[in-house]
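In this note's numbering, the protein residues as written are 1084 to 1964. Below: one structure, written as structure tokens.
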Amino acid sequence: MADCAWGRALLRRAHNVSPIGPSTQRLGRSRSRGSPDRAAGRVSSRHLSAPSAALSGEFMRCTLPVLLVLGSCEPASQPVHLPSTDTVPTGPLPALLTLNAVDLSMTIDPRADGFSGETDLHVELARSTDTIWMHGLDLAIGMLEARTPSGTPVPGTWTPEGETGTARITFPEPLAAGTQTLHIEWTGQFATDLSGLFRVEERGNAFALAKSESIQARRALPGFDEPRYKAPYRVKLTVPDGYVVIGNGRELSREPAAEGFETVRLAETDPLPTYLLSLAVGPFESVDGPVIPPSPQRSEPIPLRGFARPGRAADLGVTLASTPPLIAILEDAFGLPFPDEKLDIVAAPAWPSGATELAAAITYREARVLLGPTDDDSVDPAARQKMLKTHAHELVHMWFGNLVTPAWWNDLWLKEGFATWGSALALSAWEPNGGHALHATGRKIAAMSTDSLATARAVREPIQGDSDIRNAYDSITYGKGMAILEMVDQGYGPNVFRPAVRSWLEETAGSSTDTASFVRALVQASGRRELGATLTSFLDQAGVPLVSMTLDCPNRAPPSVTLRQQRYRPSGSRINDQQLWTIPICLQVDTLDEPVCTVLQHKDMDLSLPGERCPRLIRPNPGGHGYYRSALSTGAWNRLAQVLPDLEATEAWMVVDSASAGFDAQKIPAPSILKLYEAAARHPSRHVAAAPLPAIAGWMPHLEPKTKALVQDWARSVWQPLRLKAARSSAPDQRLLEATVLQFEALVIKDPQARLMLTERLAQRIDGNLTALPSSAYEAALQVLAEERGSAGIEPITAAVVALDDPALERAVLTAPGHFTDPQQRIEAFDSVLRDDLDPRVAFARVASLMATQNASRRDDIRSRIEQDWQRLAEAIPRQW
Ligand SMILES: [Zn+2]
């Protein structure tokens, strides 16, 4: 492809200072969500002779119930197979051509059932051929011909092959090598399952939007629907008179078309893969955001606009206002200008994921971005945090994903890991006290939880077939990908890592690339071979390293710490723990002012400590930047607990995680873990203070009633005072802590008073009090209502919330039936998914919540209904996330 020339042009422009769920196909294949492996942990009575809490009995811990685990592992490190032209490709297309440019004209009327289009695909054939493989799914193909350089049309035949939208184009005679244009005309039906080119009606208005990642663009238009094929697009859309068009290029002109229609011509785009195309059409309302001013990397300002359904555009104010400062930070960090000449923020009335980084037209599920006109006290703090995290992630994608694109989906981490890492980086630079680094820590810990399972997959695994692509969209790609980048950045130093990333970005701008090029560039720029070994050992292997640190203070010799690595293995797991990584490790001891750092490349090593004095305290992961869990002696854990409230929050949270994992693996006795949790609750960060709560919630189903009551009393005595104190503050952080602890008391301790408080506050919210309940507590409040009153509690408020126009609350009410306890009502809730015309995402969430119960017979009832009605269910839920 002619992409490198484009990349160099962008660089010249930069130097002359002239111009970012759910992991599977619905309930399908997931190898890394919970596993029976995790449920095998048993804690011996030795660990439970806990004098401080008088705990007794034995219990097991497990993860949330598995929804449906149907998949199996692919063997690691198999090469991508590029089939010959005779074999139907079920993954990457044969490397036969490059795509130079695309002319695309479509008629899109969201009020109609279908759409039509014609395209000219300008390609360069590497050799003469009579067969070309491309993509197109459920499209009615009309005219199809190759237009040769001499102008002679050669009619072609379109033959759909396989189930994922591959098509064989054949010509009666071979096309010559070199430049050719494929002209195709087609019609198609709008999807209703939020994928491809779908339509949605909201409050009487119809909208059409394209959600194509990963391989759904083929349902809207014929083309080369693979990220390797990047090309500039010249788009013309014929739409009903006056309808707004939001594409990737800015609008150049509008001309009358057929009666009641006009044709909108858009500026040619930079090279794009199909999954980044925006084809949004509808009666959107728009609002101008603050202009993104020129920067040291860019001489021209960038116009910023917001789009939402009528009456809601002003509520994009908070999101739009955050955009210019975040872009300035990212341009500075990446050393390259914002890659597009405009930026549109689109609040889609329906969208399967939180957001998608469509080039220059970032599109969000509206609940994520409609926060209000101004950033003041009325803005829900939980919703604001969520928006910022998502928004910064999507902005990072403008460089990582859009400017530089992974050539195939096995390198998805190259865009998603970077976007997740860059999001925390940018937000922390913008709001240093906003707790954004802690969100990254939370994601890292969530990824470690998944990565602890025997069934965990590696960040990079072969994706040979189209049907495997969605497996890559999980916490391993996003959270572990991010954590690896953070570890390398901090472990080798930002002055080593970031310049190397910048030079790789400059070199590959405009193109599609892969992990090998990234690792090569980093090793070359840094001159550190072990940096490459760190990346590959973490990217290509599943599992969390467990690093034990043992202090040795021999007589008349300097003290040292013995480091030993193995794979973390929860108690009862079948994991083989003999695995090695190249791990940058730092540790801090109380006899030294600075951390001691090394790179652990073998199973074990002795790390000599400067000085003669024997340390009393080891901090095993200062700053919490390493993607590993630490193992210490019981005494060392106890001493660490004493200083826990004083540690940096990111580090303290990682200590809580390592200790919880040690308890799961029967390496830490109960009294020590309880002391450590009590210390965490004294930490000033709400994230650390609440960090033990999910672990304690995981114990509950496995405790005998007497032990359970003791644990509940202990937990209440530790966290309830925190809630009462937080309730006296109006600070957003304290409001969120208060809501988190209240939910724990209501759902885990089952405290009647807390349950009553939640439902009362929900009633106040429904009465119009915007600050009565943070959005993060909507689902918990509705769960209490659904558990206690069943459908009699939920039905009356279903209609009331529609009038509030709070999409997050509406969604929580619609998914609440998942928490019904009455078997009949549960079946009725499932049947309603098949019968009622629910938003596909709500439908999925309702089924997921019906399955997410610890009660096996209730779960099995729903499971058998899923199996019985699978086809109908598949039509009611999103095709992909
Ligand atoms: Zn992303």
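Glycine included, each C-beta is placed from N, C-alpha and C at the ideal position. As the structure is a prediction and not an experimental result, all values here were calculated from the model.
Asked: Integer Cβ distance of alanine 1060 from tyrosine 1651, believed to fall under 8 angstroms; Found: Summary: the structure shown does not reach residue 1060, with the chain confined to residues 1084 through 1964, and so no result is reported for it.
Asked: Alanine 1502 Cβ short of 6 angstroms to ligand 1 heavy atom set; Found: yes
Asked: In DSSP terms, what histidine 1205 is bridged to; Found: Ala1184, Thr1264
Asked: Reference proline 1420; option with closest CA among Ser1295, Gly1389, Glu1383, Leu1387; Found: Glu1383
Asked: Bounding residues of the alpha helix (DSSP H) (the contiguous stretch that carries glutamate 1472); Found: Correcting the residue type first, residue 1472 is lysine in the shown sequence and not glutamate. Looking at the DSSP string, the run of the alpha helix (DSSP H) that includes lysine 1472 is 1464-1480.
Asked: Cβ neighbour criterion (16 or more within 10 Å) applied to tryptophan 1664; Found: buried
Asked: Opening and closing residue of the beta strand (DSSP E) in which tyrosine 1760 lies; Found: From DSSP, tyrosine 1760 is part of no beta strand (DSSP E) but of the alpha helix (DSSP H) over 1753-1764.
Asked: Three-state secondary structure (DSSP) of aspartate 1460; Found: coil
Asked: Cβ separation of serine 1595 and threonine 1488, assumed to be a contact under 8 angstroms, to the nearest whole Å; Found: 5 angstroms
Asked: Three or more C-beta pairs below 8 angstroms linking the segment 1607-1614 and the segment 1636-1645; Found: no
Asked: Cβ distance (whole Å) where glutamate 1862 is taken to contact threonine 1904 below 8 angstroms; Found: Going by Cβ atoms, the distance from glutamate 1862 to threonine 1904 rounds to 16 angstroms, so no, they are not a contact pair.
Asked: Whole-Å CB distance - arginine 1844 paired with leucine 1856, under 8 angstroms assumed; Found: 4 angstroms
Asked: Counted within 10 angstroms of its Cβ, other Cβ atoms place serine 1813 as buried (16 or more) or exposed; Found: exposed
Asked: Asparagine 1516 classed as buried or exposed, judged by whether at least 16 other C-beta atoms fall within 10 angstroms; Found: exposed
Asked: Residue of Gln1263, Thr1253, Ile1252, Pro1232 minimising C-alpha distance to threonine 1181; Found: Gln1263
Asked: The alpha helix (DSSP H) enclosing glycine 1400, as first and last residue numbers; Found: 1400-1417
Asked: Any non-hydrogen atom of ligand 1 within 6 angstroms of glutamate 1499 CB; Found: yes
Asked: CB-CB length for isoleucine 1701 against valine 1682, believed under 8 angstroms; Found: The Cβ separation is near 18 angstroms, so there is no contact.
Asked: Cβ-heavy atom distance, alanine 1438 to ligand 3, below 6 angstroms; Found: Ligand 3 is not part of the structure shown, which contains ligand 1 as its ligands.
Asked: Nearest-angstrom beta carbon gap, alanine 1444 and serine 1361 [assumed within contact, 8 angstroms]; Found: 4 angstroms
Asked: Beta-carbon proximity check, leucine 1320 vs isoleucine 1191, cutoff 7 angstroms; Found: yes
Asked: Anticipated Cβ contact below 8 angstroms, valine 1916 with leucine 1853, distance rounded; Found: The pair is not a contact, with the Cβ atoms about 30 angstroms apart (cut-off 8 angstroms).
Asked: At least 3 beta-carbon pairs within less than 8 angstroms: the segment 1555-1566 vs the segment 1479-1497; Found: yes
Asked: Selection from Cys1697, Gln1624, Asp1635, Leu1670 that minimises the alpha carbon distance to glutamine 1661; Found: Gln1624
Asked: Per-residue burial, glycine 1343 [other beta carbons within 10 Å of its own, 16 or more giving buried]; Found: exposed
Asked: Best match in Pro1339, Ser1188, Leu1441 for proximity to leucine 1349 [C-alpha to C-alpha]; Found: Ser1188
Asked: Assigned exposure category for alanine 1056 - 16 Cβ within 10 Å defines buried; Found: Any question about residue 1056 goes unanswered here, given that the chain covers just 1084 to 1964.
Asked: Coil, strand or helix - lysine 1294 by DSSP; Found: strand
Asked: Host beta strand (DSSP E) of leucine 1622 (start-end); Found: That residue, leucine 1622, is in no beta strand (DSSP E); its alpha helix (DSSP H) goes 1612-1622.
Asked: Same chain only: Cβ atoms within 8 angstroms of proline 1804, ignoring 5 sequence neighbours per side; Found: none
Asked: Close-in-space but distant-in-sequence residues of the same chain around arginine 1337 (CB under 6 angstroms, 5 per side omitted); Found: Glu1345, Val1347
Asked: Nearest-angstrom beta carbon gap, phenylalanine 1307 and aspartate 1983 [assumed within contact, 8 angstroms]; Found: Examination of residue 1983 is not possible in this model, given that the chain is present from 1084 through 1964 alone.
Asked: Distance between proline 1177 and aspartate 1549 (C-alpha atoms, nearest Å); Found: 14 angstroms
Asked: Contact belief for leucine 1759 with alanine 1724 at Cβ below 8 angstroms, rounded distance in angstroms; Found: 4 angstroms
Asked: Straight-line Cα distance separating glutamine 1649 from leucine 1536; Found: 14 angstroms
Asked: Delimiting residues of the beta strand (DSSP E) encompassing arginine 1388; Found: 1387-1391
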